[in-house]
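**Q** I am attaching a structure below and will ask some questions about it afterwards.
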Amino acid sequence: MPTHLIVLAAGQGSRMLSDLPKVLHRLGGAPLFVHALNAGAALEPDRRVLVVGHGGDLVRRAAAYDPEIAVAEQSEQLGTAHAVLCAREALADAVGDVFVLYGDTPFVTGETLERMAAARATHDVVVLGFQAADPGRYGRLVMAGDTLERIVEFKDATDEERSITLCNSGVVCADASVLFDMLDAVGNDNAAGEYYLTDIVGIARARGLNATAVTCDEAETLGINTRAELARAEALFQARMRAEALDNGVTMTAPDTVFFSHDTMIGRDAVIEANVIFGPGVTIESEAQIRSFSHLEGCHVGARAVVGPFARLRIGAELSNDVKVGNFVEIKNAMLGDGAKVNHLSYVGDADIGDHANLGAGTVTCNYDGVFKHRTVIGAHAFIGSNTMLVAPVTVGAHAMTASGSVITQEVPEGALGIGRARQMLIPEFATRMFEKLKKLKANGQKADG
Ligand code: UD1
Ligand code: CA
Numbered sequence: 076m077p078t079h080l081i082v083l084a085a086g087q088g089s090r091m092l093s094d095l096p097k098v099l100h101r102l103g104g105a106p107l108f109v110h111a112l113n114a115g116a117a118l119e120p121d122r123r124v125l126v127v128g129h130g131g132d133l134v135r136r137a138a139a140y141d142p143e144i145a146v147a148e149q150s151e152q153l154g155t156a157h158a159v160l161c162a163r164e165a166l167a168d169a170v171g172d173v174f175v176l177y178g179d180t181p182f183v184t185g186e187t188l189e190r191m192a193a194a195r196a197t198h199d200v201v202v203l204g205f206q207a208a209d210p211g212r213y214g215r216l217v218m219a220g221d222t223l224e225r226i227v228e229f230k231d232a233t234d235e236e237r238s239i240t241l242c243n244s245g246v247v248c249a250d251a252s253v254l255f256d257m258l259d260a261v262g263n264d265n266a267a268g269e270y271y272l273t274d275i276v277g278i279a280r281a282r283g284l285n286a287t288a289v290t291c292d293e294a295e296t297l298g299i300n301t302r303a304e305l306a307r308a309e310a311l312f313q314a315r316m317r318a319e320a321l322d323n324g325v326t327m328t329a330p331d332t333v334f335f336s337h338d339t340m341i342g343r344d345a346v347i348e349a350n351v352i353f354g355p356g357v358t359i360e361s362e363a364q365i366r367s368f369s370h371l372e373g374c375h376v377g378a379r380a381v382v383g384p385f386a387r388l389r390i391g392a393e394l395s396n397d398v399k400v401g402n403f404v405e406i407k408n409a410m411l412g413d414g415a416k417v418n419h420l421s422y423v424g425d426a427d428i429g430d431h432a433n434l435g436a437g438t439v440t441c442n443y444d445g446v447f448k449h450r451t452v453i454g455a456h457a458f459i460g461s462n463t464m465l466v467a468p469v470t471v472g473a474h475a476m477t478a479s480g481s482v483i484t485q486e487v488p489e490g491a492l493g494i495g496r497a498r499q500m501l502i503p504e505f506a507t508r509m510f511e512k513l514k515k516l517k518a519n520g521q522k523a524d525g
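Start counting the sequence shown at 76; every next residue gets the next number (this note's numbering).
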């Protein structure tokens, strides 16, 4: 039976005090709602529906990274039941189970969702609950043995019900047509005047269906409502990523100073030194070394490559095996072949650098003419002299050289030397004579410009 996901993301998140819809705030470099979708990926969902409301256009645009995500509009936020009903059309004729997740609850794991799916085999409705250290204003799960009888919202609960510590995370699972049938029966006659998704449990029981709760650690159900909670969530997320990297055989000399993105991939025996930041889209192969104070995003680092200290790899930097990129080097949208070296103070953008090419200190690819970007192509084993400006589009052939300080505007063919700088002049004794004159002026208390 196929499975489908609904991620609720229509709320404004007014406590964020933000012009950005809450679910677009980022955790580990990805918008919050993406984390909910990623957790749901464990269920190999057939259809995925994101319910948007506040800032709907922005959220829709952010969801466009995957055209298979359907977006449903909830123009008025009348409650969680109403939000799920907004996904009905997108799930028309869907057979199988539906999981409802919250877009602002990023830590629910795929493993937990799989346990819920397993519980569905024997129950019509499965709710994800947790034992709350401080149950606060969460909805309470009213159990009778293994059976979940109903969920009561804090606002509507009696003192006795408020003393229950088993709380509702918000994640529910039921058969699609059963779920939508029950939602049709949900009213809004309650303390909040909202259509509560939680009411489906009581409705299911009244219809003779059975319901149960699967529980998870409270940390998984953490929702983000404020900037402070977002900051705490980021710290938690980073702690998880660091632990995972260490478990996977990555060496980190100071893990607390390394920052990951949701999709950072690091191979076994890679070494990550202190103060390294991974933006989204980074893959590091085995035995590579990322030295201190390097910043990487959207790039690939081959096996045994050494990057940094103080290197910046931007989107589209592709480092093959054994590449060396040293201090104060920026690389963007460029391919570096096996064993290529760019060790000092360089900018390499929109370029193809051949195997074992060596770019001297201060090499710059002048890739931008103010309107268009142009490519620089450097052949294998080429040797680029220090402080060469490569004015793209330009090609330096394999085994070719450029002289230090050259401005290279024309092709340098294979094996040739390209030299493009003023020829040196010599004036014997000039410096000696000039210094003598200046020192005399100083001794007489006069200025040089007299
Ligand atoms: C909800 C649950 C509560 C549970 C708690 C866990 C209900 C009625 N209550 O309460 O039992 O303990 O979550 O955090 O379901 N949303 C929409 N459209 C709406 C309303 C909400 O998309 O019309 C989205 C919100 O953006 C949010 C999620 O649904 O992501 C939860 O809504 P929220 O208002 O935070 O629910 P709670 O009152 O916290
Ligand atoms: Ca909430």
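We put the CB at the ideal spot given by N, CA and C, even for glycine.
1. According to DSSP, what are the bridge partners of Phe312?
2. Would you mind sorting Tyr271 into buried or exposed? The rule is 16 or more other CB atoms within 10 Å of its CB.
3. Does DSSP classify His157 as helix, strand or coil?
4. Classify Lys399: buried if its beta carbon has 16 or more other beta carbons within 10 angstroms, exposed otherwise.
5. Any heavy atom of ligand 1 closer than 7 Å to the Cβ of Asn243?
6. Report yes if the C-beta of Leu83 is less than 7 Å from at least one heavy atom of ligand 1; otherwise report no.
7. Cα separation between Asn433 and Tyr177?
8. Output the distance between the C-alpha atoms of Gln149 and Thr339, rounded to the nearest integer angstrom.
9. Anyone know if the C-beta pair for His110 and His370 falls short of 8 Å?
10. Do Val423 and Cys441 have their C-beta atoms closer together than 8 Å?
11. How long is the line joining the alpha carbons of Thr463 and Arg450, rounded to whole angstroms?
12. Since Pro106 sits in a beta bridge, which residues does DSSP pair it with?
13. Taking one C-beta from the segment 286-294 and one from the segment 155-164 each time, how about it: are there three or more such pairs within less than 8 Å?
14. Any chance you could list the alpha helix (DSSP H) runs of at least 4 consecutive residues sitting entirely within the segment 252-326, in chain order?
15. Can you tell me where the beta strand (DSSP E) with Gly245 in it begins and where it stops?
16. For Val398, name the three-state secondary structure that DSSP assigns.
17. Would the beta-carbon of Val146 fall within 8 Å of that of Ile81?
18. DSSP puts Ala386 in a beta bridge; with which residues?
19. Name the DSSP bridge partner or partners of Ala147?
20. Curious, which full-length alpha helix (DSSP H) runs of at least 4 residues does the segment 415-476 contain?
21. Regarding His110 and ligand 1, is the C-beta to nearest heavy atom distance less than 7 Å?
22. Got a sec: is the Cβ-Cβ distance from Thr470 to anything in chain C below 8 Å?
23. Return the CA-CA distance between Arg190 and Asn300, expressed in angstroms with no decimal places.
24. Measure the Cβ-Cβ separation of Ile352 and Val325 and say whether it is below 8 Å.
25. Can you tell me whether Glu119 is buried or exposed? The criterion is at least 16 other CB atoms within 10 Å of its CB, across all chains shown.
26. What do you reckon, is the C-beta of Asp179 under 7 Å from a heavy atom of ligand 1?
27. Per DSSP, which residues does Arg225 bridge with? Please list them.
28. Under three-state DSSP, which class holds Met410?
29. Could you please give the first and the last residue of the uninterrupted alpha helix (DSSP H) stretch that includes Phe505?
30. Any heavy atom of ligand 3 closer than 7 Å to the CB of Ala137?
31. Taking 7 Å as the cut-off, is the C-beta of Val376 nearer than that to any heavy atom in ligand 1?
32. Taking Cβ positions, are Val376 and Ala386 nearer each other than 8 Å?
33. Which of the three DSSP states is assigned to Asp526 in this structure?
34. Give the straight-line distance between the Cα atoms of Asn418 and Pro355, rounded to the nearest whole angstrom.
35. Let's test the definition: count the other Cβ atoms within 10 Å of the Cβ of Lys416 and tell me whether it reaches 16, buried, or not, exposed.
**A** Looking at the coordinates:
1. In the DSSP output, where bridge partners are listed per residue, Phe312 has none listed.
2. Tyr271 should be labelled buried.
3. In the three-state scheme derived from DSSP, where H, G and I count as helix and E and B as strand, His157 is classed as helix.
4. Buried, since its Cβ has 16 or more Cβ neighbours within 10 Å.
5. True, at least one ligand heavy atom lies under 7 Å from that Cβ.
6. Relative to ligand 1, the nearest heavy atom lies less than 7 Å away from the CB of Leu83.
7. Going by the C-alpha atoms only, they are around 51 Å apart.
8. Cα to Cα, the separation comes out at about 33 Å.
9. Judged by their CB atoms, His110 and His370 are not nearer to each other than the 8 Å cut-off.
10. At a Cβ-Cβ threshold of 8 Å, Val423 and Cys441 do not count as neighbours.
11. The C-alpha of Thr463 lies about 15 Å from the C-alpha of Arg450.
12. Arg101.
13. The segment 155-164 and the segment 286-294 do not touch, with fewer than three beta-carbon pairs separated by less than 8 Å.
14. Entirely contained in the segment 252-326, the alpha helix (DSSP H) runs reaching 4 residues are, in chain order, 274-281 and 302-322.
15. Its beta strand (DSSP E) spans residues Leu241 to Asp250.
16. Correct three-state label for Val398: coil.
17. Taking C-beta atoms as the reference points, Val146 and Ile81 fail to come closer than 8 Å.
18. Paired residue(s): Val404.
19. According to DSSP, which records beta bridges pairwise, Ala147 is partnered with Val126.
20. The qualifying runs do not exist here; there are none.
21. His110 has its CB no nearer than 7 Å to any heavy atom of ligand 1.
22. Among the chains in the structure shown there is no chain C, since it carries only a single protein chain.
23. Across the structure, Arg190 and Asn300 are spaced so that their CA atoms are roughly 27 Å apart.
24. In terms of Cβ geometry, Ile352 and Val325 do not form a close pair [threshold 8 Å].
25. The residue is exposed, with fewer than 16 neighbouring Cβ atoms inside 10 Å.
26. Because some heavy atom of ligand 1 lies under 7 Å away, the Cβ of Asp179 counts as near it: yes.
27. For Arg225, which the question treats as bridged, DSSP gives the partners Val217.
28. DSSP places Met410 in strand when its eight states are reduced to three.
29. First-last of the alpha helix (DSSP H) with Phe505: Phe505 to Ala518.
30. Ligand 3 is not part of the structure shown, which contains ligand 1 and ligand 2 as its ligands.
31. No, the beta carbon of Val376 sits no closer than 7 Å to any heavy atom of ligand 1.
32. Result no, Cβ atoms of Val376 and Ala386 do not sit closer than 8 Å.
33. No answer is possible for residue 526: the residues shown for the chain start at 76 and end at 525.
34. Cα to Cα, the separation comes out at about 24 Å.
35. Buried: at least 16 other Cβ atoms inside 10 Å.
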